[in-house]
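Asker:
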Ligand code: 4AD
Ligand code: MG
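Numbering (this note's numbering), first residue to last: 5 to 434.
Dropping the structure here:
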């Protein structure tokens with residue numbers, strides 16, 4: 005059976021087709037009514053007149069409600085005055101199910117109300133645009149790595165040890181043993197890099213973030229490439245090529261959605277490699293020059309990141325952070341032991357950190373020392389340490405937070421709109 009979708013309307017001009025969807029809105033007159041039909045791919049104006057439609061179809065104007073499901077058959081015409089550039093002259097409108105009074109109307113609703121109704125709110129034009137851009141970003145991520153000889157290695161969600169510190173671990177009972185929800189696939193990705201050279205994992209990750217911010221979810225998606233024989237510079241080369249590719253794909257395929265969101269396209273067009281690279285030490289100088297009292301060794305807060313990224317029109321990569329504030333698995337700078345071979349990529353326009361990564365420690369003694377400094381035992385990381393026992397190798401990787409990137413590219417104020425069903429400190433429903 006042939007299916008017809010509103011987004012392909014240009015191919016149907018002059019044809020009689022059937023569209024299946026929901027009544028987004030309508031306007032009613034005496035001898036004519038207009039139905040904005042939503043089918044998930046777009047919105048089509050259907051014109052229902054007393055002359056062109058059968059009587060039952062025409063009379064539906066007296067019963068139809070917002071979000072009722074309907075099937076409409078009619079001829080498609082080019083119509084520059086209608087929102088999508090096309091309209092349908094309806095011959096038949098079939099009511100599939102009459103909707104109860106829809107809770108989301110055109111008037112302004114508070115965010116809490118909309119979040120409580122997230123399962124319905126997803127149908128709105130703005131949320132639709134965001135999710136389609138998210139979809140394109142996910143496709144770009146997969147295409148990028150698939151086109152460059154990376155093998156997808158899925159990593160487990162139940163894990164037995166921390167990757168990113170114990171403070172944000174979610175724990176659960178695993179048949180009498182303690183298990184944690186994954187904070188990152190990285191350690192398993194390193195095993196993958198030793199087996200396949202270049203790999204990536206891409207899946208949901210979990211952090212018990214107790215703070216209420218515009219940038220943190222408790223469940224978010226992260227893509228993590230891991231590459232054998234890559235040093236920090238090669239890692240940064242890959243990260244900038246990756247992020248420019250994602251932005252270019254969205255610009256190529258999602259212009260109407262970016263318009264719906266009123267996104268300033270010129271800001272995205274500036275995102276071209278190479279990106280500026282500055283050391284943490286130089287980033288601290290930028291802060292001092294901007295009147296911030298900041299001591300070398302501290303971590304950047306959200307406002308610090310904004311000041312640093314505001315110096316540039318594209319993402320900036322900050323490298324060589326103080327080792328004391330970075331994870332145990334990061335390699336120390338051979339030229340200065342107080343620094344880790346870390347990189348963070350900060351998005352422009354105040355969107356903050358979108359990538360965190362590093363060159364990994366390949367020396368087993370150094371790694372064991374740091375595991376113990378963190379209060380853990382060699383036992384906890386026994387299999388991970390094997391990767392240094394059996395053919396240790398220089399390697400690097402990074403993690404990109406999908407929702408942070410969606411927020412930035414869409415120009416959203418808050419991360420909660422970037423994922424279909426957000427999980428935050430105060431939301432588990434819907
Ligand atoms: O900087 P993070 O913690 O790095 C890691 O997890 C490494 N193991 C990755 C690696 O090297 N393979 O997290 C990576 C990214 C951050 O830059 C941010 O974009 C995102 O994950 N992120 C979050 N996004 C939403 N909500 C949160 N609570 C996030 N925490 C991190
Ligand atoms: Mg980080």
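We treat Cβ as the ideally placed atom computed from N, Cα and C, and that holds for glycine.
This one's a predicted model, so the numbers in the text were calculated from it and none came from an experiment.
Would the segment 404-420 count as touching the segment 246-261 if we require 3 or more Cβ pairs under 8 Å?
Answerer: yes
Asker: Starting from residue 30, trace the alpha helix (DSSP H) both ways and give me its first and last residue.
Answerer: Here residue 30 belongs to no alpha helix (DSSP H); instead the beta strand (DSSP E) covers 20-32.
Asker: For ligand 2, is there any heavy atom lying closer than 7 Å to the beta carbon of residue 295?
Answerer: Relative to ligand 2, residue 295 has its C-beta separated by 7 Å or more from all heavy atoms.
Asker: For a test of the three-state rule: what should DSSP assign to residue 166, helix, strand or coil?
Answerer: coil
Asker: How would you call residue 216, buried or exposed, if buried means at least 16 neighbouring beta carbons within 10 angstroms?
Answerer: Counting every other CB atom within 10 Å of its CB across the protein chains shown gives residue 216 a total below 16, marking it as exposed.
Asker: Rounded to the nearest angstrom, how far is the Cβ of residue 282 from that of residue 227, given a contact under 8 Å?
Answerer: Actually they do not touch by this definition, with Cβ atoms about 24 Å apart.
Asker: Tell me which residues share the same chain as residue 91 and place their Cβ nearer than 8 Å to its Cβ, disregarding the 5 neighbours each side in the sequence.
Answerer: Within the same chain, Cβ atoms closer than 8 Å to the Cβ of residue 91 are found at 48, 49, 50, 51, 80, 81 and 83, the five residues on either side in sequence being excluded.
Asker: Could you check whether the Cβ of residue 427 sits closer than 7 Å to any heavy atom belonging to ligand 1?
Answerer: no
Asker: Unbroken alpha helix (DSSP H) runs of length 4 or more, entirely within the segment 265-328: which are they?
Answerer: 269-273, 284-293 and 306-313
Asker: Between the Cα of residue 97 and those of 423, 229, 430 and 38, spot the shortest distance and give me the residue it belongs to.
Answerer: 38
Asker: To which residues of the same chain is residue 167 closer than 7 Å at the C-beta, ignoring the five residues directly before and after it?
Answerer: Excluding residues within five positions, the ones whose Cβ falls inside 7 Å are 187, 188, 190 and 191.
Asker: Closest by CA to residue 276, which one among 72, 352, 54 and 118?
Answerer: In terms of CA proximity to residue 276, 352 leads the group 72, 352, 54 and 118.
Asker: Have a look at the DSSP bridge pairing and note the partners of residue 51.
Answerer: Assignment of beta-bridge partners to residue 51 by DSSP yields 38 and 93.
Asker: Going by the DSSP bridge assignment, what does residue 140 pair with across the sheet?
Answerer: Its beta-bridge partners do not exist; DSSP assigns none.
Asker: Below 8 Å, can you find three or more Cβ-Cβ pairs linking the segment 261-276 to the segment 131-142?
Answerer: yes
Asker: How is residue 131 classed by DSSP in three states: helix, strand or coil?
Answerer: helix
Asker: Cα-Cα, which of 178, 153, 145 and 315 is closest to residue 161?
Answerer: Closest option to residue 161, Cα to Cα, is 178.
Asker: How close, in whole Å, do the beta carbons of residue 204 and residue 400 come, if the pair is a contact with beta carbons under 8 Å?
Answerer: Wrong, their Cβ atoms sit about 13 Å apart, outside the cutoff.
Asker: Tell me which residues pass a beta-carbon proximity test against ligand 2: closer than 7 Å to any heavy atom, given in chain order.
Answerer: 348, 357 and 360
Asker: Could you tell me if the beta carbon of residue 187 falls within a distance shorter than 7 Å of some heavy atom in ligand 1?
Answerer: yes
Asker: Taking 7 Å as the cut-off, is the beta-carbon of residue 190 closer than that to any non-hydrogen atom of ligand 1?
Answerer: yes
Asker: How far does the beta strand (DSSP E) with residue 356 in it extend, from its first residue to its last?
Answerer: 356-363 is the extent of the beta strand (DSSP E) around residue 356.
Asker: Measure the beta-carbon distance from residue 322 to residue 287 and round it to whole angstroms, keeping in mind my assumption that it falls under 8 Å.
Answerer: 5 Å
Asker: Quick one: measure Cβ to Cβ for residue 103 and residue 72, integer angstroms, because I've assumed they're closer than 8 Å.
Answerer: 4 Å
Asker: Go through its chain and collect everything with a Cβ distance to residue 112's Cβ below 7 Å, but skip five positions before and after it.
Answerer: none
Asker: From residue 64 to residue 58, what does the alpha carbon distance come to, in whole angstroms?
Answerer: 10 Å
Asker: Can you confirm whether the segment 140-152 touches the segment 116-126 when touching is taken to mean that 3 or more C-beta pairs between the two stretches lie within less than 8 Å?
Answerer: no
Asker: With DSSP as the reference, please indicate the residues paired to residue 424 in a beta bridge.
Answerer: BP columns for residue 424 are empty, so no partner.
Asker: When you compare only the Cα positions, how much space is there between residue 238 and residue 425?
Answerer: 36 Å
Asker: Taking only runs of the beta strand (DSSP E) that begin and end inside the segment 381-422, which ones reach a length of at least 3 residues, in chain order?
Answerer: 399-405
Asker: Are at least three pairs of beta-carbons, each pair with one atom in the segment 353-373 and one in the segment 323-342, less than 8 Å apart?
Answerer: yes
Asker: Anyone know if the C-beta pair for residue 222 and residue 428 falls short of 8 Å?
Answerer: In terms of Cβ geometry, residue 222 and residue 428 form a close pair [threshold 8 Å].
Asker: Suppose you measure from the CA of residue 108 to the CA of residue 407; what does that come to, to the nearest Å?
Answerer: 25 Å
Asker: Is it buried or exposed, residue 202, if we count other Cβ atoms within 10 angstroms and call 16 or more buried?
Answerer: The residue is buried, with at least 16 neighbouring Cβ atoms inside 10 Å.
Asker: Can you tell me whether residue 373 is buried or exposed, with buried defined as 16 or more other CB within 10 angstroms of its CB?
Answerer: Residue environment analysis places residue 373 among the exposed positions, since fewer than 16 neighbouring C-beta atoms fall within 10 angstroms of its C-beta.
Asker: Between residue 408 and ligand 1, is the CB less than 7 Å from at least one heavy atom?
Answerer: Yes; taking the cut-off as 7 Å, the Cβ of residue 408 has a heavy atom of ligand 1 nearer than that.
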